[in-house]
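2 protein chains.
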Amino acid sequence: MSAVQTRYTEAAIEADKELPIIRITRDFRGTPAQLMKAHTDPELYARWVGPDATATRIIDWEARDLGSWRYVSTHEGQEFGFHGCFHTVSDDKIVQTFTFDGMPDDVALETLWFEDLGDGTTRLHAQSLCDSFEARDGWLASGMEVGVNDGYAAIDRLLESGEL
Amino acid sequence: MSAVQTRYTEAAIEADKELPIIRITRDFRGTPAQLMKAHTDPELYARWVGPDATATRIIDWEARDLGSWRYVSTHEGQEFGFHGCFHTVSDDKIVQTFTFDGMPDDVALETLWFEDLGDGTTRLHAQSLCDSFEARDGWLASGMEVGVNDGYAAIDRLLESGEL
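Those protein sequence lines, which keep their order, are chains A and B.
In terms of UniProt numbering, the first sequence is numbered consecutively and its last residue is 164.
In terms of UniProt numbering, the second sequence is numbered consecutively and its last residue is 164.
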């Protein structure tokens, strides 16, 4: 007898009850190394990040401990910039800061790690820490789930096609 | 009639009740620009940071947006390393990540800003955001107040001597 195990083929996006944190859980048919590559290779990252209707241009990218990143996404002619530092880039974990250029005083601390579930599936765990519940709830109300779900579906397609 | 205004000639170190945040408030006889210099010039920083009984050696230092920093403090022959990114360095504000090398999975997001009180005094506001109350309370129980108070007294001396 085996327990039924939940599979996150769509992202679960959850607000922590005690802390100003958003948690995302999502399963992929791939290895932790492939998921790390999707998050650290700038050309691949630009292909999947954000809503389908946006095009992303990488401005700076140093995916290493104490490196930095900056990109611009274009949606219906409008540009949206984002930037941050990579604090940690290890084999299965990324810790980074995250700021939307339109709200330069808001800085989130993001932690991503990749868990090998042992059957060809890797679980992405993402945690985004804000310094107030208002900032956290602002992100949750922003429509972020469109970019999250479109982006992760694009990773699925890169894995299926063998491009990742 | 004027209200009596609190002056923080010693650091007030406070735990937020709702959030995993440590807040520090400290007044200095100097300008915001002098306080920024104390926190961004590596040679000055090494002279004041930490407990009096430690000596600090800067390893890396790029005090700019998306720069990074790393230093080692020596205390009774033992070395303690610290590292992080500078996310933001503006005229009166620094946002940075902070990790003690001995606890590499613990990353705090620190925000410092300098408020001109208008009478030759500048108020330092520091906020250190952790991703759990356990991590935050661990810092508070670590004896951190020795380094904070010794370090800020060393800034007082640098201001008095005209070296800052």
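All C-beta atoms, glycine included, are put in the ideal place defined by N, C-alpha and C.
Computed from a predicted structure; not experimentally measured.
Please name the residue in the options whose C-alpha comes closest to that of residue i.
{"i": "E160(A)", "options": "Q34(A), Y45(A) and A108(A)", "result": "Q34(A)"}
{"i": "residue 174(B)", "options": "S90(B), W139(B) and D131(B)", "result": "As displayed, chain B neither begins before 1 nor continues past 164, which places residue 174(B) out of reach and without an answer."}
{"i": "D27(A)", "options": "A141(A), F114(A) and H87(A)", "result": "F114(A)"}
{"i": "L109(A)", "options": "E163(A), T122(A) and R23(A)", "result": "R23(A)"}
{"i": "residue 171(A)", "options": "V95(A), D60(A) and F100(A)", "result": "Because chain A is modelled from 1 through 164, residue 171(A) falls outside the range shown and cannot be assessed."}
{"i": "A135(A)", "options": "Q5(A), K17(A) and I21(A)", "result": "I21(A)"}
{"i": "A141(B)", "options": "T6(B), R7(B) and A15(B)", "result": "A15(B)"}
{"i": "E76(B)", "options": "D92(B), T121(B) and T56(B)", "result": "T56(B)"}
{"i": "L19(A)", "options": "Q5(B), S68(B), C130(B) and G162(B)", "result": "C130(B)"}
{"i": "T6(B)", "options": "T121(B), L158(B) and A63(B)", "result": "T121(B)"}
{"i": "D92(A)", "options": "G138(A), K17(A), M36(A) and L158(A)", "result": "M36(A)"}
{"i": "D106(A)", "options": "Q78(A), I94(A) and D137(A)", "result": "D137(A)"}
{"i": "F100(B)", "options": "T54(B), W139(B) and K17(B)", "result": "W139(B)"}
{"i": "Q78(A)", "options": "L158(A), G102(A), T25(A) and A38(A)", "result": "G102(A)"}
{"i": "K17(B)", "options": "G162(B), S132(B) and L158(B)", "result": "S132(B)"}
{"i": "R64(B)", "options": "R64(A), A63(A), S68(A) and L158(A)", "result": "S68(A)"}
{"i": "P104(B)", "options": "I94(A), F98(A) and T54(A)", "result": "I94(A)"}
{"i": "E62(A)", "options": "T54(A), E43(A), V49(A) and S73(A)", "result": "E43(A)"}
I believe residue i touches residue j by the beta-carbon criterion, under 8 angstroms. Please report the beta-carbon distance rounded to the nearest angstrom.
{"i": "A154(A)", "j": "R47(A)", "result": "7 angstroms"}
{"i": "L164(B)", "j": "G30(B)", "result": "7 angstroms"}
{"i": "D150(B)", "j": "P51(B)", "result": "5 angstroms"}
{"i": "L66(B)", "j": "H87(B)", "result": "7 angstroms"}
{"i": "A96(B)", "j": "G84(B)", "result": "Note that residue 96(B) is Gln in the sequence shown, not Ala. Contact holds; Cβ gap of about 5 angstroms."}
{"i": "T54(A)", "j": "T25(A)", "result": "In fact, because the Cβ distance is near 23 angstroms, the residues do not count as touching under 8 angstroms."}
Cβ of residue i within 7 angstroms of any heavy atom in the ligand COA?
{"i": "L164(A)", "result": "For the ligand COA, the structure offers nothing, since it holds no ligand at all."}
Looking at the unbroken beta strand (DSSP E) that takes in residue i, where does it start and where does it end?
{"i": "E14(A)", "result": "A12 to A15"}
{"i": "T40(B)", "result": "Taken as a continuous stretch (DSSP letters only), T40(B) belongs to no beta strand (DSSP E), being part of the alpha helix (DSSP H) at P32 to T40."}
{"i": "R136(A)", "result": "R136(A) -> not in any beta strand (DSSP E); alpha helix (DSSP H) instead, spanning F133 to L140."}
{"i": "D60(A)", "result": "A55 to W61"}
{"i": "T25(A)", "result": "I21 to F28"}
Which residue comes first and which comes last in the alpha helix (DSSP H) that contains residue i?
{"i": "R157(A)", "result": "M144 to S161"}
Inset, instruction - Go through the segment 69-121 of chain A residue by residue and report every complete run of the beta strand (DSSP E) that reaches 3 residues or more, in order. - result: 78-89, 93-100 and 108-116
Legend entry - Inter-stretch contact (C-beta, 8 angstroms, three-pair minimum) for the segment 142-149 of chain B and the segment 11-18 of chain B: yes
Legend entry - Inter-stretch contact at 8 angstroms, needing at least 3 Cβ pairs: the segment 121-128 of chain B / the segment 119-128 of chain A: no
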